[in-house]
Structure formats: C-alpha cells, structure tokens
RNA sequence: GGCCCCAUCGUCUAGUGGCCUAGGACACUGGCCUUUCACGCCGGCAACACGGGUUCGAAUCCCGUUGGGGUCACCA
C-alpha cells in the first residue's frame with residue numbers, strides 16, 4: 001500500500017485544469033447546485049481549462065429522466081456551456097454513470113485483486129448494536145471489525161445466506177489536504193472508517209464511482225459543496241488505492257464551496273420554493289442577473305462593485321478567493337441585482353425578453369403578431385427602467401392588450417379616487433376630445449392647461465383618475481405616453497367608462 | 001456524542017499587522033427629483049462573537065471559550 005503522503009497531487013495550474021459538474025438528477029435544479037456549476041464553469045473559463053459535465057445517475061430509486069432534462073434546460077438557459085460530457089462528447093465517455101457499469105466492474109476487480117477491498121457482512125442495525133454493546137456512541141459508525149475475517153468465517157456467513165458488501169481498507173494514519181478555499185485540513189486517523197463502495201448486489205456506490213470517474217476523466221480540481229468535505233479523506237484514500245492499481249495518475253485538488261442558506265440558519269431546503277431555479281426563471285429573473293447574484297454568494301469581484309457581466313467574472317474569478325462562510329440567499333438583493341441588469345439590456349433586445357412573459361399571461365398570442373410586437377416595442381422604453389423582473393410585464397403592460405370593455409379596476413386603484421374624480425375625468429375628456437395632434441407632448445399640454453392651470457388641481461389629483469381609467473391600476477407606465485400608445489378613441493372611451501361608473505355607482 | 005468546517009453592519013461582502021474613528025451593496029430610513037411607480041441624486045442607521053496571548057501596533061497571527069453548521073448510509 002502506498003504511504004498516505006507519497007501520492008502525487010495534480011500540478012495542473014493553467015489550461016491543463018479539468019473541472020467537472022456532476023449532478024445527480026433528483027428533483028428540480030437547486031440554486032446551490034447552480035452556484036456550484038457556475039464556479040466550476042467560471043474557473044474553467046478563467047484558467048482556459050475544461051469543464052466536464054457528467055451525470056451521476058446511479059440511484060435508480062430517486063433519479064429521473066425528467067430531472068435530467070431539467071438540468072440540461074437549466075444549464076442551457078443560463079449559458080453555462082461545458083467542453084466535454086453529456087451531449088458534447090469527449091474521449092472519456094459515456095458521461096452518464098448508468099452507462100458505465102462495465103468500467104466499474106473492472107475497477108472493482110482490480111481493487112479486489114490488490115487487496116484494497118474486503119467483504120463486509122454487517123448491516124446498519126448490527127453496526128449500531130455493536131457500538132452499543134461496546135459502550136460507544138451508537139452514532140459512531142463502523143469499527144472495521146471485519147477487516148481480518150478468515151476465509152472460514154466468511155464462508156460461514158455466506159452459508160447463512162448473507163451477501164457481503166465491499167469496503168475499502170482505509171489507511172490507519174492522519175490524512176491532510178490543502179483545500180482551495182479553506183487551506184490545510186487534517187483528519188485524524190480513525191475518524192474516517194472503512195466505507196462501503198459496492199452493494200451486496202454488486203452495484204457500486206457513489207463513494208466509488210465519483211472518484212473513479214474523476215480519475216478516469218482526468219479531473220484535476222474538484223470544486224463541490226461543503227457537505228462533501230468530511231468524505232474527502234476517504235476519497236483521497238480511495239485515490240491512493242486507484243493510483244496503486246494504475247487507474248489514477250494523481251490526486252486532484254479539492255475546493256469546498258460554502259453552503260447556500262435559507263431562512264433561519266439552515267441549508268436552503270429543496271422544498272423551499274426559493275431553492276428552485278425555475279421558480280426564479282418563472283418570476284422573470286434574467287440569466288445574467290441571477291448568475292451575477294449567485295456569484296456574490298461566496299465571492300466578490302471588487303471592494304466597491306457587485307454588478308458585473310459573466311465575461312468580467314470569468315476574467316477575475318479564482319476559486320482561491322472564495323469566502324468559506326455560508327451565505328444566505330436574499331431574494332430582495334437578487335431582485336435588485338437583476339433590476340440593474342434589466343436596465344443594461346440593449347433597448348432593441350429588451351422587448352424580445354418581455355414576449356414570453358406576456359405570452360405566459362395570455363395577453364399576447366403565440367407566436368406574437370406583428371401588431372402586438374409593435375406595441376411591446378413602443379411600450380418597452382416606458383417600463384424598462386422601472387422593472388426588476390420580467391414577470392412584472394403583464395401587470396404593467398396588460399392594459400395595452402385588454403379591450404376597454406374588459407378592463408378591470410384594481411381595488412387599490414379605485415381607492416385613490418377622491419371626491420371630484422368624476423368631474424376631473426369629464427374635464428380630461430373635454431380637453432382630449434378637442435385635441436387633433438394625438439401625441440405625448442400635446443396631450444400633456446392640453447391636460448395641464450385644463451386641469452392644472454384652469455381648474456387649479458394638484459398634479460396628483462389631476463392625473464390620478466385618468467391613470468386608473470386607462471390602466472385600471474394604481475401604478476402604470478407614464479400617463480401621457482400611455483395615452484398616445486392606446487390611441488385617441490380608446491383613451492376617450494376609457495375615460496368616459498370610468499366617469500360613468502363613478503356617476504352610476506358613486507365609485 | 002466523535003470528527004470536520006465556519007465566525008466583520010439585519011443580509012451579501014471588502015479587509016491577508018499600521019492606509020480602519022472598518023469600505024461597498026441590498027434592506028430599512030430622511031430628503032431632492034416627479035403625473036403614479038420606479039430610476040437617478042444627496043443624507044442617516046448599522047458590524048470586527050467573547051477571553052487570553054504574540055507585537056511598538058491586531059478585524060487581520062496563535063490558543064481557548066461560546067455560538068452556528070455539516071458529517072458519521074448498502075443516498076448522492
């Protein structure tokens with residue numbers, strides 16, 4: 001057996017760096033998982049190395065094809081491209097573990113032949129009972145008691161009908177490694193017992209396939225969640241065995257990324273909607289905005305700046321700068337960052353981003369008509385700088401795609417109508433009806449002349465009723481521009497409609 | 001409980017021994033701008049967990065305490 005300290009650690013430091021993203025397809029993509037993907041991606045791009053995308057689908061119970069599709073959808077939506085792996089090909093495939101059975105069998109055989117693996121018959125219940133019987137904490141785990149079972153003892157157990165799992169014989173020595181985000185970490189001998197790598201049915205476990213694939217795929221830097229930190233010494237022990245039997249050439253470097261936390265002080269739960277990437281997409285986050293925010297969870301680009309593009313991140317990102325503290329997912333800040341990106345989107349492009357959200361609300365058709373698109377384009381400049389999420393578009397622009405007769409008045413909008421609102425609308429109607437040049441400037445001039453100068457109203461009171469009449473909302477795009485967009489007929493009809501309603505129902 | 005990780009404003013962070021009476025951002029808040037809401041601008045509130053060292057000097061280094069988290073699966 002190789003000594004613990006003698007195995008070579010990778011020396012990759014530039015374009016020879018190979019990182020990987022290897023999710024298990026269970027459930028919907030979690031923002032913490034995406035943050036891990038982002039850091040791996042950024043590190044590969046920054047160093048000129050390669051990102052390998054592998055799928056760890058060895059748990060038939062929980063994995064699903066649907067979940068696998070969602071992960072692909074997520075990475076593509078975000079623009080996190082990989083160089084090698086599922087759907088991209090490469091010389092180390094296949095990249096789905098469910099298709100690598102034969103490879104594992106071969107490795108298991110080598111490890112067995114070299115004496116690194118031994119048969120273990122104890123069940124979880126028996127291990128716990130054994131701890132109790134020996135006066136130890138039941139949570140202590142396996143005590144390696146089957147390491148030196150004799151041939152006769154093993155045969156006897158098998159004769160009872162028991163099928164053994166296979167455990168790796170872990171070196172009885174302290175084990176240290178230099179974590180890329182946390183520095184030197186040492187685990188004391190005995191704190192990482194022999195662990196199961198192959199089920200009794202012969203199927204390998206994550207504890208085996210993850211390092212084996214990393215080794216076979218030449219992964220040099222393993223950047224993953226902090227939850228895997230305590231399994232690192234065992235993995236390194238496995239690496240030593242893999243090197244000894246010629247499967248691996250070196251031990252990779254490890255970097256353990258901090259948790260993404262939720263409310264309270266708990267890891268953001270998969271059950272929390274905020275953990276669901278698609279929940280944020282549905283609400284109207286931009287890929288660039290969400291990615292920017294996620295990058296801030298454990299990393300910062302500069303002391304006085306937190307809005308940046310992915311190109312800028314790639315230029316600056318180094319995993320050694322990642323902060324080891326767990327970070328709380330703050331949706332308010334995420335929205336603010338997203339708002340910054342909304343304003344940075346090219347004005348020509350912005351309307352296109354709105355379309356899917358207006359379609360989801362069934363305000364425009366799919367595909368969108370030329371006329372609808374023209375309206376969206378015209379309205380875009382009015383809303384671009386007042387939105388934080390694309391999902392606000394239906395609320396803000398819905399009135400442009402609603403027939404006057406179908407327009408609903410929001411309760412909080414009606415509440416803003418004070419006494420005299422009816423008269424104000426009548427005056428507005430008169431001023432507008434006489435107008436020939438239907439454009440923002442003249443509309444504003446006419447209304448100001450009538451309502452402010454002539455009637456002496458305060459602007460808020462003068463224009464509030466018309467805003468409700470047009471949009472049905474308390475909050476809307478700028479009024480005069482909205483009138484121009486809506487056209488004279490519809491504007492007059494809406495002003496009259498609300499006025500009539502006030503007169504008939506007392507508002 | 002054993003092992004391991006973490007510890008700066010409410011939140012995300014900058015800070016790698018003197019530039020720190022601790023900087024930025026979000027949130028909150030006062031004001032300006034203003035046809036609503038935003039945007040923008042100006043201002044405010046607010047932190048080095050605690051205790052020992054080391055040092056001329058510590059948020060920064062060391063030790064301890066406390067607190068939080070993770071892990072100890074034939075799940076990944």
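Numbering (full-length UniProt numbering), first residue to last: 1 to 507.
All C-beta atoms in this analysis are idealised placements derived from N, C-alpha and C, irrespective of residue type, glycine included.
- For residue 43, same chain residues with a beta-carbon under 8 Å away, outside a window of 5 residues either side, are 17, 19, 49, 221, 223, 317, 318, 319 in chain order.
- For residue 104 against residue 204, the beta-carbon gap comes to about 5 Å, under 8 Å, which counts as contact.
- C-alpha of residue 132 to C-alpha of residue 138: approximately 6 Å in a straight line.
- Per DSSP, the beta-bridge partners of residue 53 are 21, 85.
- Between residue 127 and the set 294, 91, 67, 193, the nearest pair of CA atoms involves 193.
- Taking a cut-off of 8 Å on C-beta distances, the segment 162-182 does not touch the segment 77-89, as fewer than three cross pairs fall below it.
- By the 16-neighbour rule on beta-carbons within 10 angstroms, residue 388 is buried.
- Nearest C-alpha to residue 92 among 361, 213, 57, 37: 213.
- Between the beta-carbon of residue 353 and that of residue 390 there is about 6 Å, and that keeps the pair under the 8 Å contact cut.
- Ranked by Cα distance from residue 108, the options 211, 340, 71, 497 are led by 211.
- Here the alpha carbon of residue 189 sits roughly 45 Å from the alpha carbon of residue 289.
- Out of 325, 254, 474, 489, the CA that lies nearest to the CA of residue 10 is found in 254.
- Sequence-distant partners of residue 164 (beyond 5 residues in either direction) whose C-beta falls short of 8 Å from its own C-beta, in its chain, are 119, 120, 121, 154, 157, 158, 200.
- Annotation for residue 167: no alpha helix (DSSP H) segment contains it, though the beta strand (DSSP E) segment containing it runs 165-168.
- Looking at the DSSP output, residue 175 shares a beta bridge with 187.
- A straight-line Cα-Cα distance of about 54 Å links residue 416 and residue 22.
- Within the same chain, Cβ atoms closer than 6 Å to the Cβ of residue 471 are found at 399, the five residues on either side in sequence being excluded.
- Contact holds between the segment 492-503 and the segment 418-435, because three or more Cβ pairs, one in each stretch, are under 8 Å apart.
- Between residue 394 and residue 377, the CB-CB gap reaches or exceeds 7 Å.
- As for any beta strand (DSSP E) of minimum length 3 sitting wholly inside the segment 91-155, the runs are 117-120, ordered along the chain.
- With 16 or more other Cβ atoms from the protein chains shown falling within 10 Å of its own Cβ, residue 24 counts as buried.
- If you draw a straight line from the Cα of residue 129 to the Cα of residue 146, it comes to about 15 Å.
- Restricting attention to 296, 55, 363, the CA atom closest to the CA of residue 329 is found in 296.
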